[in-house]
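Numbering (UniProt numbering), first residue to last: 1 to 233.
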């Protein structure tokens with residue numbers, strides 16, 4: 001949803017007036033757009049203003065949710081659901097300890113319609129992986145942890161796995177989610193900067209196999225490139 005703490009006018013030169021980028025204008029519009037889709041379950045990344053705005057607004061529209069803040073950041077990830085349709089059975093979260101990434105999981109039990117049997121509970125998971133396009137092996141490590149934790153948490157239940165993967169459809173990270181196994185060759189980072197590990201070099205080239213215990217299928221055909229692609233080049 002683009003956290004308000006990352007809303008910089010220089011990234012959006014075509015937005016006029018600039019006041020449209022302020023939260024008192026953006027926040028209500030974000031909620032309105034979410035509600036226009038008439039969702040039963042919502043997963044948000046780059047979600048801030050949770051306690052003082054989003055949760056209350058969504059509750060007033062029949063939702064409840066859980067939120068996990070990134071380590072050392074203002075934003076996090078959230079899962080919301082229609083309270084008239086689902087009960088929360090349990091929840092869990094994971095911190096990757098790699099560039100501040102987090103994941104969150106909720107086991108939801110559908111409420112039965114009158115005269116019908118109860119449907120089985122299912123797992124909804126949400127994450128936001130590392131942004132740097134040059135550091136795919138960190139995304140892969142985060143993704144492998146995320147998928148393993150989902151598998152343990154779900155314990156055989158059906159899963160809806162969501163997230164901002166910060167990855168192209170052709171990437172090894174995306175392939176890990178879809179194929180369940182990928183071999184990735186990379187050069188380890190031996191020096192780092194405060195931004196997020198853009199300084200690389202000095203390490204020996206390494207090949208590592210990443211695997212997932214889940215069998216996943218994409219719910220839709222991915223677009224050829226994300227809308228923010230040119231900023232990532």
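Idealized CB from N, CA, C, for every residue including glycine.
Residue 216 is not bridged by DSSP to any residue.
Setting aside the 5 residues that flank it on each side, residue 154 is surrounded in the same chain by 123, each with a C-beta closer than 7 Å to its C-beta; the list follows chain order.
Shown here for residue 167: same chain residues with a beta carbon closer than 8 Å to its own, the five before and five after excluded, namely 129, 136, 139, 173 and 174 in chain order. In this chain, the alpha helix (DSSP H) harbouring residue 27 covers 23–36.
Residue 100 is a Cβ neighbour of residue 72, given a cutoff of 7 Å.
A residue is called buried once 16 or more other Cβ atoms fall within 10 Å of its Cβ, and residue 212 is buried on that count. At the C-beta level, residue 143 and residue 176 come within 7 Å of one another.
Restricting attention to alpha helix (DSSP H) runs no shorter than 4 residues, the UniProt domain "Endonuclease/exonuclease/phosphatase" (28–172) encloses them at 55–59 and 136–154, ordered along the chain. Residue 75 and residue 3 do touch by the CB rule: their CB atoms are close to 4 Å apart, below 8 Å. Beta-carbon to beta-carbon, residue 126 and residue 159 are separated by about 11 Å, too far to satisfy the 8 Å threshold. In chain order, 68, 69, 70, 71, 76, 77, 93, 94, 95, 96, 127 and 128 place their CB closer than 8 Å to the CB of residue 102, counting only its own chain and leaving out the 5 sequence neighbours on each side.
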